[in-house]
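Chains as they are written, first to last, in this note's numbering: chain A, 2 to 238; chain B, 2 to 238; chain C, 2 to 238; chain D, 2 to 238.
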């Protein structure tokens, strides 16, 4: 298998620091035996999410009902094994272009409601953020938990960032990290190829009983000493 | 292989909502063919990190020089294939007990400086946060990016949370999510067992050249139209 | 003085939960003796930020060079004493519509480069976030620090949120909080009316000397005991 | 009035970068006509929060029932008009020492349950974070929203940070920002001296009616066009 990885550039500039690090991640993808495709979001028309789920959760499905270029990119992701998202840091956050794209991914995730499974389930994801100033971790943490909540797996060392005025290519760490993101996304995608579905709906009643029994036992052991402290403090006050 | 997973409880209460969800995650671990061990941090004496790295980066190594129970838990993690961290939500963040524990993990991560590799490299991690009010995502996003930055891999659907006053066991989603965290940590650990090291130090000069060449080409194509907009606006102002 | 407060609705739906809480905040504004104007961003054409600052920091100024409706709203904010931003929670973050608006505020903040002062300096700001699920604090924390970094003052109890499937008007806390945001933005704006500029550029050399002298003294007192611990651990290893 | 401002140092090192910036903030306090007191948390014994509120919300009150040094610092804050919190950046977050302190502030905030008002209501707060690497905004955003949720007012330009390996005193921006934090905390405290209580409990039923009436009107205007899009997409699918 030759995993296909989509690189998403959320910058309005196709020649900037984000594009540089994505190109380096692409080299990691290829060296690890994968295929890559770079998508500059600024080349596409992606309108804001209309928030249909707030009117009716069932309206939101893939392909999205909004008539623009999103579904084209969605199809590419659907057929890929992973994606790497790169963004400039705008106010400690992703760019507006990228935010619109992420909001629209809801149509793929919300397929849980329709077919019991997110269309991003088991995709492998990595993240790159570049700015002149602080905020990189804020951005990356949010991208990471968002993609994980859509079903993506995050390989080790999945982030690269840069946050000073110097050129990003002077930043050896950012360069190596970007390469490793590409490499790790591919080898992880290869490793999990046999796992077809990552979320199991099981009978939750036995789970509840198990948890209750356990914490009741623990309470018997620990609570009296806490009660004691409460009682003492009541007396003192 | 029977992956060993450590469950870390950051709550001062061993009978609370965090303990409940961890117990359910433990069931997921066992059902997926793993072994589990629950560690209640409140049973251990874990002092705050002294910040040695700020005096000299080389001082910080595992085992940590502070004389308390941390290294005992560190040893357990070292021998395990994964860990699941559970925390109560205190001010949109982990508990102080857990924060001290995380700070002390630096001694394991900082082995990069000594042996070229974090002792958490390739461990698989999942996360649980429970509170009476908001803040769950804030906590979980930070735990996730922290563990990933120490070298951990995050499986799909790696978070469970609860943020209302009702008992957590009334929250079907939190119960199922916790079970799936346990299950996914184990099957992921099994899938990646052949990958021994996740970070490659490669020659970064060819990477820089590649990136530069690419963005120079892109600049030639895109910049003139931007320059045009700038020029027009200069005239107008 | 009758402070003017702009209420920004970042939702695509003008009849949703965000609109409800903003209406309640408006009542707080009026009761405290202010004036209010609600702006639904979905009624305006606001294009994404072009990232001009990355080409040349001086290009970015207010009015923004992009030809759309942003400058109209910018003018309103310029003449107002405060603003309250409301957003739906999309993936633990603001909506894409709102993110584009925030990115464009850079043109007002970046006036620091041109006239030594942000156009948002001393404005008073409050925040509302509503979703069906978690993420409210993530959103609100980011909005708060962003506006503060543009020069805004944040009054006590400046946030309101809701994060469950029930109607927001069932949530007494969210209702009262929204009212108080409106009220507090106004009484704070009245209190600080005499302060014309909030950032002072002073000679920083005496500050450096002061800090150095202080920490050298503290180091003499504290470092030997730390050195001792390091030495002991060296011996032991 | 001469506002009293408490400076909290969350670093284990009293001679490090955090101490330096706090000393500079102290100068800003004095220049603005305030009084300052520096507290190094590492000089105090502050145990972790026991999480009493999860057993019974009424147990948690100030003074806290835990027998250690917290209440001494709590008393100082009670008598002060503001506080500035400085922290090293440990894993994109505050230090464990500081986290324990923040968790314990719950005893002051939870007085809402006992006397209808947080003991931090109307205090003015500023924030400083220093690290060798990224994460500053993550830390500061969380501190800011936490203190605001306890009742604190945040003046404009309330943050200072530094995130590279060079000495913080080489960072002119961090130095000036720290000075301004001190200055702004004081002039803000002076401005709001007449406001005695910042949270109003009002009759929320008229607020609900107001919001409902407004959004019903807006729905009538906007919903038909959205319904139209939904209907069209149903046909097309």
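All C-beta atoms, glycine included, are put in the ideal place defined by N, C-alpha and C.
- As the crow flies, the alpha-carbon of residue 25 of chain B is around 32 Å from that of residue 99 of chain D.
- When the beta-carbon positions are compared, residue 12 of chain C and residue 89 of chain C come within less than 7 Å of each other.
- Contact of residue 164 of chain D with chain A by beta-carbon distance below 7 Å involves 135 and 164.
- Close partners of residue 202 of chain C in chain D (Cβ separation under 8 Å): 177.
- From the listed residues C/14, C/53, C/175 and C/207, the smallest Cα separation to residue 42 of chain C is found for C/14.
- With fewer than three CB-CB distances shorter than 8 Å, the segment 54-65 of chain D does not count as touching the segment 63-76 of chain B.
- With contact defined as three or more Cβ pairs closer than 8 Å, the segment 196-215 of chain B and the segment 2-10 of chain A are not in contact.
- At a Cβ-Cβ threshold of 7 Å, residue 140 of chain D and residue 130 of chain D count as neighbours.
- Restricting attention to C/80, C/9, C/57 and C/30, the CA atom closest to the CA of residue 177 of chain C is found in C/30.
- Against chain D, a Cβ distance below 8 Å from residue 89 of chain B picks out 52 and 55.
- By the Cβ-count criterion, residue 21 of chain A is buried, with 16 or more other Cβ atoms from all chains shown falling within 10 Å of its own Cβ.
- A distance below 7 Å between beta-carbons, with the five flanking residues on each side excluded, links residue 72 of chain A to the following residues of its chain, in chain order: 64 and 65.
- Of the candidates A/193, A/104 and A/165, the residue whose Cα lies closest to the Cα of residue 55 of chain C is A/165.
- Looking at the DSSP output, residue 63 of chain B shares a beta bridge with no other residue.
- Secondary structure of residue 39 of chain C (DSSP, three-state): strand.
- Taking 7 Å as the threshold, the shortest C-beta distance from residue 225 of chain B to chain A does not fall below it.
- A direct Cα-Cα distance of roughly 12 Å separates residue 74 of chain C from residue 10 of chain C.
- For residue 78 of chain A, the nearest beta carbon of chain C is not closer than 7 Å to its own beta carbon.
- For residue 102 of chain B, the CB contacts under 8 Å within the same chain, skipping 5 residues up- and downstream, are 9, 11, 42, 47, 71 and 74 in chain order.
- In this structure, residue 211 of chain C places its C-beta atom within 7 Å of the C-beta atom of residue 28 of chain D.
- According to the DSSP assignment, residue 163 of chain B belongs to the beta strand (DSSP E) that extends over 160-163.
- Bridge partners of residue 5 of chain C according to DSSP: C/36.
- Straight-line measurement puts the Cα of residue 76 of chain B at about 25 Å from the Cα of residue 32 of chain B.
- For secondary structure counted as the alpha helix (DSSP H) over 4 or more consecutive residues, the segment 96-183 of chain A holds these complete runs in sequence order: 97-105, 107-110, 112-116 and 137-150.
- In the three-state DSSP reduction, residue 78 of chain B falls in the helix class (H, G or I).
- Contact annotation: residue 106 of chain B and residue 128 of chain B have beta-carbon atoms that are not nearer than 7 Å.
- Distance between residue 86 of chain B and residue 160 of chain D, taken at the CA atoms: about 30 Å.
- Interface residue (Cβ-Cβ distance to chain B less than 7 Å): residue 234 of chain C is classified as such.
- For residue 146 of chain C, the neighbours in chain A by C-beta distance under 7 Å run, in chain order, 93.
- Within the same chain, 70 come within 6 Å of residue 45 of chain A by CB-CB distance, once the 5 residues on both sides are set aside.
- Against chain B, the CB of residue 104 of chain D has a partner CB under 7 Å away; the residue lies at that interface.
- A check of alpha carbon separations from residue 83 of chain D across D/120, D/17 and D/162 identifies D/120 as the nearest.
- A distance below 6 Å between beta-carbons, with the five flanking residues on each side excluded, links residue 49 of chain C to the following residues of its chain, in chain order: 101.
- Listed along the chain, the chain C residues whose CB falls inside 8 Å of the CB of residue 139 of chain A are 143.
- Looking at the DSSP output, residue 84 of chain C sits in a beta bridge with C/7 and C/126.
- Leaving aside the five residues that flank residue 79 of chain A on each side, the residues in its chain whose CB is nearer than 7 Å to its CB run, in chain order, 120.
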